[in-house]
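Contents: one structure, followed by commentary.
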Amino acid sequence: STGARLYVASSFDNNVQVIDAQNNSRVTVIPTAMRPNGLALDEKNNRLYVTNSDSDSVNMIDTTTNRVTATIPLAMSITALTANETLARVYAANSAGDAVYVIENGKVTKQVSVGRHPIALARDSKTNTLYVANQADGTLTALDETSLTIRSATFVTRTLYGLDVDVENRHLFADSTIF
Numbered sequence: 011s012t013g014a015r016l017y018v019a020s021s022f023d024n025n026v027q028v029i030d031a032q033n034n035s036r037v038t039v040i041p042t043a044m045r046p047n048g049l050a051l052d053e054k055n056n057r058l059y060v061t062n063s064d065s066d067s068v069n070m071i072d073t074t075t076n077r078v079t080a081t082i083p084l085a086m087s088i089t090a091l092t093a094n095e096t097l098a099r100v101y102a103a104n105s106a107g108d109a110v111y112v113i114e115n116g117k118v119t120k121q122v123s124v125g126r127h128p129i130a131l132a133r134d135s136k137t138n139t140l141y142v143a144n145q146a147d148g149t150l151t152a153l154d155e156t157s158l159t160i161r162s163a164t165f166v167t168r169t170l171y172g173l174d175v176d177v178e179n180r181h182l183f184a185d186s187t188i189f
């Protein structure tokens with residue numbers, strides 16, 4: 011949500027619905043590429059990033075005009091997105107390529123190899139660290155956001171699945187699942 015707006019990816023309708031959160035009414039519908047399913051909001055730069063799983067791309071939407079301003083082609087299997095508003099950057103986890111894409115100004119500027127099958131991303135804005143949960147090898151990769159280099163890669167559990175960061179209390183939460 012940005013201000014009083016809620017953004018909803020509608021995978022079956024190939025769009026993002028913009029909802030006024032105050033009165034629960036639809037403001038507009040933004041057409042996207044095929045099967046939008048992941049969102050990352052950069053409120054500071056008025057951008058919403060949307061993964062499109064059947065188009066292997068990310069749409070960049072201007073939240074002031076509610077229009078797609080760029081379609082960024084990526085590899086298949088984008089599993090997670092997160093935005094760094096300070097650096098005007100978004101990160102996209104690519105599970106098929108065992109990498110994280112760095113996107114700036116509507117273009118991929120770097121690809122960083124991480125563990126096997128990255129499934130989740132979380133940022134610690136105080137330490138400028140991007141954490142990557144790698145499901146297939148159970149590792150947690152810590153990436154320095156300034157240099158875009160790996161600080162560490164640590165085995166956590168066989169079935170690492172999700173991440174979250176409590177920046178204020180300096181806690182990192184990881185969860186796992188059984189298949």
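So the sequence shown is residues 11 to 189, counted in my numbering. Even for Gly, the Cβ is constructed at its ideal location relative to N, Cα and C. All values derive from a computational prediction rather than experimental measurement.
Residue interval of the beta strand (DSSP E) (run including residue i)
i, result
"Phe183", "181 to 186"
"Phe165", "159 to 165"
"Arg77", "77 to 83"
"Gly148", "Where Gly148 is concerned, there is no enclosing beta strand (DSSP E), given that its DSSP letter is neither H nor E."
"Ser105", "Here Ser105 belongs to no beta strand (DSSP E), and DSSP marks it neither H nor E."
Backbone CA spacing between residue i and residue j [nearest angstrom]
i, j, result
"Val177", "Ser65", "34 Å"
"Ser11", "Asp174", "Only weak support is given to the placement of Ser11: the predicted model assigns it a pLDDT of 44, under 50, and the value that follows is read from those uncertain coordinates. If you take the alpha carbons of Ser11 and Asp174, they lie about 18 Å apart."
"Ala19", "Ala143", "23 Å"
"Gln27", "Leu16", "8 Å"
"Asp185", "Val39", "34 Å"
"Ala106", "Met86", "7 Å"
"Gly172", "Ala146", "13 Å"
"Asn34", "Ser157", "42 Å"
"Leu140", "Gln32", "33 Å"
"Arg180", "Ser135", "10 Å"
"Thr79", "Ala103", "21 Å"
Residues bridged to residue i [DSSP beta-bridge criterion]
i, result
"Asp99", "The displayed chain sequence assigns Arg, not Asp, to residue 99. For Arg99, which the question treats as bridged, DSSP gives the partners Asn94, Glu114."
Whole-Å CB distance - residue i paired with residue j, under 8 Å assumed
i, j, result
"Arg133", "Asn94", "6 Å"
"Gly125", "Thr159", "Contact doesn't hold; Cβ gap of about 15 Å is too wide."
"Val68", "Leu84", "6 Å"
"Thr167", "Ile129", "Incorrect: roughly 12 Å between the Cβ atoms, too far for contact."
"Thr42", "Leu91", "About 13 Å separates the two Cβ atoms, so there is no contact after all."
Just checking, does the region 163 to 170 make contact with the region 111 to 123 on the three C-beta pairs under 8 Å criterion?
-> At 8 Å Cβ cutoff, the stretches do not touch.
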